[in-house]
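Undergrad:
In the numbering used here, the protein residues as written are -19 to 158.
1. So for residue 60, helix, strand or coil by DSSP?
2. Sorted by chain position, which residues of the same chain lie with C-beta nearer than 7 Å to residue 102's C-beta, five sequence neighbours on each side aside?
3. How long is the line joining the alpha carbons of residue 35 and residue 4, rounded to whole angstroms?
4. Between the segment 5 to 17 and the segment 107 to 116, can you find at least three pairs of beta-carbon atoms closer than 8 Å?
5. Threshold first: 3 residues or longer. Then list the beta strand (DSSP E) segments lying entirely within the segment -7 to 49, N to C.
6. In whole angstroms, what is the alpha-carbon distance linking residue 24 and residue 46?
7. Which word fits residue 13, buried or exposed, when buried means at least 16 other C-beta atoms lie within 10 angstroms of its C-beta?
8. Can you tell me the Cα-Cα spacing of residue 150 and residue 76, whole angstroms?
9. Under three-state DSSP, which class holds residue 147?
10. Which residue wins for smallest C-alpha separation from residue 120, given the options -11, 50, 16?
11. Give the DSSP-derived three-state secondary structure of residue 137 in the structure shown.
12. If contacts are defined as beta-carbon pairs under 8 Å, then residue 115 and residue 138 qualify, I think. What distance do you get, rounded to the angstrom?
13. On a CA-only basis, which of 52, 95, 64, 93 is nearest residue 78? Give me that one, please.
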């Protein structure tokens, strides 16, 4: 019998001073059985970094044709495609052809650096692509904030991110690689 996704709820308060974006979001996150708390919290962080009223979680791991998050226009065009980890260059090429903007958030220090060094030349030709690295230690700390029902506060200022809950808080500084 196939395992079902576990549903998490998060009330996320965002104060992004870099983009002048201040909103509360109620998120429902389906965590795939093979997904870890680290990865799920990295998805929530990616949401916070690019938050928008139209940004939504997709079916993610269970669907090859969709990113982790996306924002679509009213006519169905993909305005923003967000992937996590270390996607295959073929997937990145396809995403850059389908979406106006593509963002990749990597989060495993050593393997992410090796991956990026291997694909860097292939990625240089895509003007609509941004690759950002989330420090592995901080993402690990983020996982400790995970619970089935979360109250999260996220503040972003001068490229530094603070995320807190009743379980603690962390600070991280995403690194833009491309």
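Yeah, the Cβ is synthetic: ideal placement off N, Cα and C, and Gly gets one too.
Model, not experiment: these values are computed from the prediction.
TA: Here's the rundown:
1. As a working note, residue 60 is residue 80 in the chain shown. Note: residue 60 maps to strand in three-state DSSP.
2. Within the chain shown, numbered from 1, the residue matching residue 102 stands at position 122. Excluding residues within five positions, the ones whose Cβ falls inside 7 Å are 69.
3. Indexing the chain shown from 1 puts residue 35 at position 55. Indexing the chain shown from 1 puts residue 4 at position 24. When rounded, the distance between both Cα atoms is 13 Å.
4. no
5. 1 to 11, 35 to 37
6. Taking the chain shown and counting its residues from 1, the one referred to as residue 24 is at position 44. Taking the chain shown and counting its residues from 1, the one referred to as residue 46 is at position 66. When rounded, the distance between both Cα atoms is 17 Å.
7. As a working mapping, residue 13 is identified with position 33 in the chain shown. Classification for residue 13: exposed.
8. Numbered from its first residue, the chain shown carries residue 150 at position 170. Numbered from its first residue, the chain shown carries residue 76 at position 96. Cα to Cα, the separation comes out at about 32 Å.
9. Here residue 147 is taken as the residue at index 167 of the chain shown, counted from 1. Coil.
10. Position 140 of the chain shown, counted from the first residue, corresponds to residue 120. For the residues -11, 50, 16, the minimum Cα distance to residue 120 belongs to 16.
11. Mapped onto the chain shown, residue 137 falls at position 157. Strand.
12. Translated into the one-based positions of the chain shown, residue 115 becomes position 135. Translated into the one-based positions of the chain shown, residue 138 becomes position 158. With 8 Å as the limit, residue 115 and residue 138 do not qualify as a contact, their Cβ atoms being about 16 Å apart.
13. Taking the chain shown and counting its residues from 1, the one referred to as residue 78 is at position 98. The residue with the shortest Cα to Cα distance from residue 78 is 52.
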